[in-house]
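Q: If you scroll down you'll find the structure; I have some questions about it.
Number of protein chains: 2
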Amino acid sequence: MLHPEREQIILEDVLAALGQPVRLGVVRRLSSGEEKFCGEVVQDVPKSTMTHHWRILREAGVIHQRPEGRKLFVSLRREDLDARFPGLLDLVLRAR
Amino acid sequence: MLHPEREQIILEDVLAALGQPVRLGVVRRLSSGEEKFCGEVVQDVPKSTMTHHWRILREAGVIHQRPEGRKLFVSLRREDLDARFPGLLDLVLRAR
Chain A
5 MLHPEREQII LEDVLAALGQ PVRLGVVRRL SSGEEKFCGE VVQDVPKSTM THHWRILREA
65 GVIHQRPEGR KLFVSLRRED LDARFPGLLD LVLRAR
Chain B
5 MLHPEREQII LEDVLAALGQ PVRLGVVRRL SSGEEKFCGE VVQDVPKSTM THHWRILREA
65 GVIHQRPEGR KLFVSLRRED LDARFPGLLD LVLRAR
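So this is what it looks like as structure tokens:
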């Protein structure tokens, strides 16, 4: 399960990851910072579609995924994103 | 040639349009605000590929294209983007 290091996070990848309604919705639902069970973040999207979206978000450095038993937990990499691109996440979360 | 109205510009579309190296490069080269001839903004990308990238940028509301004779001119929709998503463009142009 690939997670780029903070220094490897690339602006284009983050923008592309955020630039899709389901993925932006996920990021909004994770914005409290709390780790959540993947199945509780999204309920109405087919599992195979979500596997794709989780991968895009994870490989861009936007989220962190952690397996525990049979479950997969997910959290927003807010500290890393704020360090790499100060203000970006806040701006995107605020915008409508 | 579709140009969305300011109010129709959608965050996800703008992020997706900016989230690609060639397109982000174009936006950086247009950041002075000056209108430029399309062929002068990008030289090393195949024309059919650029037609695709121009369309993505234009339909997202990031650029404005204007035909004049056989030439196509392009400019950044900075005022519209700043009005819709204050700070986003500056932040993206500043980030490395």
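Here the protein sequences line up with chains A and B, keeping their order.
If you're matching positions, the first sequence starts at 5 in the numbering used here and goes up one per residue.
If you're matching positions, the second sequence starts at 5 in the numbering used here and goes up one per residue.
Ideal Cβ placement from N, Cα and C applies to all residues, glycine included.
1) So the alpha helix (DSSP H) A/SER36 belongs to, where does it begin and stop?
2) What residue range is occupied by the uninterrupted alpha helix (DSSP H) comprising A/GLU9?
3) According to DSSP, is B/PRO50 part of a helix, a strand, or is it coil?
4) Quick one: Cα of B/VAL101 to Cα of B/ARG32, how far?
5) So, does the CB of A/PRO65 fall closer than 8 Å to a CB anywhere in chain B?
6) Should A/LEU93 be listed as close to the ligand HEM, given that the test is whether its C-beta is under 7 Å from any heavy atom?
7) Kindly give me the distance between the Cβ atoms of B/LEU19 and A/LEU22, rounded to whole angstroms, as I take these residues to be in contact under 8 Å.
8) Do you know offhand how far B/ALA87's Cα is from B/GLN24's?
9) Is A/ARG70 helix, strand or coil when you go by DSSP?
10) A/GLU16 versus chain B: which residues are under 8 Å apart at the beta carbon?
11) Count the C-beta pairs between the segment 7–18 of chain B and the segment 74–86 of chain B that are closer than 8 Å, then say yes if the count reaches three, no if not.
12) Does B/LEU1 have its Cβ less than 8 Å from a Cβ in chain A?
A: Straight from the coordinates:
1) Element bounds for A/SER36: n/a, residue is neither H nor E.
2) First-last for A/GLU9: undefined, no H or E at that position.
3) coil
4) Nothing in the structure corresponds to residue 101 of chain B, since chain B is present only between 5 and 100.
5) The amino acid occupying residue 65 of chain A in the given sequence is Gly; Pro does not appear at that position. It does not: the Cβ of A/GLY65 has no partner Cβ on chain B nearer than 8 Å.
6) You won't find the ligand HEM in this model; it holds no ligand whatsoever.
7) 5 Å
8) 23 Å
9) Shown here, A/ARG70 sits in a strand according to DSSP, grouped into three states.
10) LEU22, GLY23, GLN24, PRO25 and LEU28
11) yes
12) No information on residue 1 of chain B is available, as it lies outside the stretch 5 to 100 that chain B covers here.
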